[in-house]
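Respectively, the protein sequence lines represent chains P and D. In this text, residue positions in the first sequence follow the UniProt record's numbering: the first is 1, and each later residue adds one. In this text, residue positions in the second sequence follow the UniProt record's numbering: the first is 1, and each later residue adds one. Don't be surprised by glycine CBs; every beta carbon is placed ideally from N, CA and C. Here the structure is a predicted model, which means the values were calculated and not measured. Structure first, then comments.
2 protein chains.
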Amino acid sequence: MCTFISYKKQSLILKKVITLKHIARELEVSISTVSKALKNSEEISRDTKERIQAYAKLYNYRPNNIAISLKNKRTKNIGVIIPDIVHHFFTTVVRGIESYANSKGYNVIVCLSDESFDKEVINMEMLANGSIDGFIMSLSVGTQLKNDYNHLKEITEQGIPLVMFDRVTDEIKCDKVIINDREGAYMAVKKLIGNGRKKIALITTDNYLSIGKQRTDGYRDALRDHGLEVNENLILSMPQMKMDEKAISDFYDREEVDAVLCVHETFAMYSMRVALKKGLKVPEDIEFIGFTDGNLSKYAYPSLTAIAQHGEQMGEMSSKMLIEKIESEKEEEEETYVTEVLQSTLVERESTKN
Amino acid sequence: MCTFISYKKQSLILKKVITLKHIARELEVSISTVSKALKNSEEISRDTKERIQAYAKLYNYRPNNIAISLKNKRTKNIGVIIPDIVHHFFTTVVRGIESYANSKGYNVIVCLSDESFDKEVINMEMLANGSIDGFIMSLSVGTQLKNDYNHLKEITEQGIPLVMFDRVTDEIKCDKVIINDREGAYMAVKKLIGNGRKKIALITTDNYLSIGKQRTDGYRDALRDHGLEVNENLILSMPQMKMDEKAISDFYDREEVDAVLCVHETFAMYSMRVALKKGLKVPEDIEFIGFTDGNLSKYAYPSLTAIAQHGEQMGEMSSKMLIEKIESEKEEEEETYVTEVLQSTLVERESTKN
DNA sequence: TTGTACGCGTTATCAT
DNA sequence: ATGATAACGCGTACAA
């Protein structure tokens, strides 16, 4: 790493930020007159309004967001807590959240829990003290493992609106947006069966907690519903995100497999790679379907048939639900919580036959 | 999309958010006494301090961030404006920014310009009115095309610290963090030449503006420095991000090519796919190197040799520079601006020979 | 038509 | 040791 330091002199003509007070002093009127004039209030004479507005425009007056937030007890910020951001799915969700929020005049404060319980708690507490009007979040692995949701309870008890998406928990009563994962897996397996596959493997990980379970259920159900026996040996559970080509290679050697469903596209890439290396033809000899319809699935060769999770839609939905809660003001004694279940869809590509 | 609505009754025992005023009233002391007591001030008697602190703890008192921001004229928020978030590189940068900022007690407000000039301007103006202490940003394509940087000028004139990364402009005097793109391309081509390649193509796009030019320069320089002639026919410029297999296929048919440098990993994936389809062997018959060391490069088969841009490091650096500026307070008449140039590195994988 | 006063929650300065 | 007051910037109910 090398550094070029360039010393540049700047005359720093700081266009000082103007406040109502400055304008009032300068124009020799009161602050409230200025305030009203800038709001085009009927109370103020055309004449003074024009003077004030002209001056404000000239000096590029903009109301201070912080002062307004303090006054209104509304920040127009929403806090988003996600486990990771270098992650296609979460990224699409954030895009959806941001786009809707933005259209409603809200900003998005993103904090990363880094899959850690502690960071999740710290970040949420940091934001909960007035910085945001509501939260949208997806549980970190750490939190799911610890099974401790007190920080979320506190948030809701404080009356701060909360929407959970994807990685949710029944422990917390709040709005939720999830995807029908079981159904997704079911569809995928059904597709494989339809293509004449009989020895369908599932490559999963113990890490995907709530999510992983549903996908496995869908896999099992689909097999059973189509008269195929569930062979536990065909379920390979890999520890963590650490993919291990050797383990997959051994798996293929050990079991006869003609199709593979993977709980994530990276898994699919790995297992397809191993198959290709063994000289198998995709999709002729073996077919692949992966969860998460990300760039990998799209650009891979052969491209991967995938179960799309519609992250952007999920984000928009979460954002919409949150903002409606925020703006509904109804401090009713009885709250209504909704769980939206989005349907996953199968995006067919080259790794499966048509 | 189907919806399960669950009506759940909640007794909404809203743990009301407590302020200094409440504590003061309840404990029959003044607000300032409470404030001091909670700061463990020496002025306050041990006795009252203990009472107050106990009460505050019991009711989980937390100072209101907004009020503090208003008072201090410091929000402890930094605004990050990026063109897109469903994008591996920007995502890694955000992670770097967030991680450093967080360690310094700052939150990150992320806004997406969506490659649009207008959105970039709107978002920045929105945040500039007191919501943030400084900006970190990368120019949208729209802004680069329009070549209009007045919004950035205004920001700096207002004395708001600004750090630009990756997609920067000379028009604005501020701290910058960029990567040595020319050098990256140079290294890549040198590597290919070292492997005995002589017909090295460049697949680029006119969209990559400032960045694209440097990469092309590096490509040209490397060829020339190693006694190879630059054949303009070997430079394929594709419009936009719209990849077109046909165009690449025709390109291969038209020109003899034994290695390809691509300005983005998606381009590399496409061009490699076309080559594989034509029955070429990678890396025996043709080698590939792509910019952006993302998931595609890593998980592809064959995996792609890539020029890593070290986004996370870039983010950390930007974050560090910005926070130092924010906290340095020095409103000197003469500002010093630094441009950090990070070195890209070549990550060798299967798409090139060793 | 314009201005005064107060409040949002906090902190710092200056009395008492 | 404790409290009153002002200030941050804004908006508004109420006076004048």
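Whether residue i touches residue j by CB criterion (8 Å)
| i | j | result |
| --- | --- | --- |
| E256/D | L304/D | no |
| S319/D | A306/D | no |
| G79/D | L127/D | yes |
| I122/D | L152/D | no |
| G134/D | I160/D | yes |
| V263/D | M272/D | no |
| I52/P | I23/P | yes |
| residue 357/D | Y299/P | Given that chain D is displayed from residue 1 to residue 354, the structure contains no residue 357/D and the question cannot be resolved. |
| R197/D | I85/P | no |
| D148/D | V163/D | no |
| S344/D | G184/D | yes |
Residue i in three-state terms, based on DSSP
| i | result |
| --- | --- |
| Q10/P | In this prediction, Q10/P has a pLDDT of 47, which is less than 50 and means its spatial position is unreliable; nothing more can be read from the coordinates. |
| M238/P | strand |
| C2/P | Only weak support is given to the placement of C2/P: the predicted model assigns it a pLDDT of 44, under 50, and the value that follows is read from those uncertain coordinates. In the structure shown, C2/P sits in a strand (DSSP, three-state: E or B). |
| G96/P | helix |
| E115/D | coil |
| E287/P | strand |
| M137/P | strand |
| A300/P | coil |
| V347/P | strand |
| N354/D | coil |
| D221/P | helix |
| G279/D | coil |
| G184/P | helix |
| N40/D | coil |
Chain-ordered chain P contacts of residue i [CB-CB under 8 Å]
| i | result |
| --- | --- |
| V230/D | Neighbours of V230/D on chain P: none; closest Cβ ~27 Å, over 8 Å. |
| H264/D | Those do not exist, as H264/D stays about 11 Å from chain P at its closest Cβ, beyond 8 Å. |
Amino acids of chain P, ordered along the chain, whose beta-carbon sits closer than 9 Å to that of residue i
| i | result |
| --- | --- |
| C111/D | E98, N102, N107 and V108 |
| L296/D | N295, L296, Y299 and A300 |
| L276/D | Y301 |
Buried versus exposed call for residue i [16 or more other C-beta atoms within 10 Å across all chains shown]
| i | result |
| --- | --- |
| K9/P | Here the model assigns K9/P a pLDDT of 40, short of 50, so the residue's position is not dependable, and the following value carries that caveat. Exposed, by the Cβ-count rule. |
| L322/P | buried |
| D170/D | exposed |
| K49/D | buried |
| L38/D | buried |
| P83/P | buried |
| residue 357/D | The requested residue 357/D is not part of the displayed model; chain D covers only 1 to 354. |
| R182/D | buried |
| H87/P | buried |
| D225/D | exposed |
| D166/D | buried |
| S351/D | buried |
| L342/P | buried |
| R215/P | buried |
| K57/D | exposed |
| K71/D | exposed |
| F4/D | Because F4/D sits at a pLDDT of 48, beneath the cut-off of 50, its placement in the model cannot be relied upon, and the following sentence gives the value as read from the coordinates. F4/D comes out exposed. |
For residue i: DSSP bridge partner residues
| i | result |
| --- | --- |
| D175/P | V163/P |
| L127/D | Partner(s): none; L127/D has no beta bridge. |
| residue 375/P | Residue coverage of chain P in this structure runs from 1 to 354, which leaves residue 375/P outside it and unanswerable. |
| T19/P | For T19/P, which the question treats as bridged, DSSP gives no partner whatsoever. |
| G212/P | Paired residue(s): none; G212/P is not in a bridge. |
| A259/P | I200/P and E287/P |
| G79/P | I109/P and F135/P |
| T205/P | M238/P |
| K342/P | Contrary to the premise, residue 342/P reads as Leu rather than Lys in this sequence. I179/P. |
Within chain P, the residues that residue i reaches when beta carbons sit closer than 7 Å
| i | result |
| --- | --- |
| V17/D | Q158 |
| I85/D | T91, V94 and R95 |
Under 9 Å by beta carbon: chain D residues contacting residue i
| i | result |
| --- | --- |
| S140/P | Correct list: empty, because the minimum Cβ distance to chain D is about 14 Å. |
| M164/P | The premise fails here: M164/P is roughly 14 Å from chain D at the closest Cβ pair, so nothing lies under 9 Å. |
Residue i: CB within 7 Å of a non-hydrogen atom of the ligand GTP
| i | result |
| --- | --- |
| V86/D | With respect to small molecules bound, the structure shown includes none, and the ligand GTP cannot be examined in it. |
Beta-carbon neighbours of residue i, restricted to chain D and to distances below 8 Å
| i | result |
| --- | --- |
| A67/P | L70 and G130 |
| P63/P | N129 |
Under 7 Å from the C-beta of residue i: neighbouring residues of chain D
| i | result |
| --- | --- |
| R273/P | Y301 |
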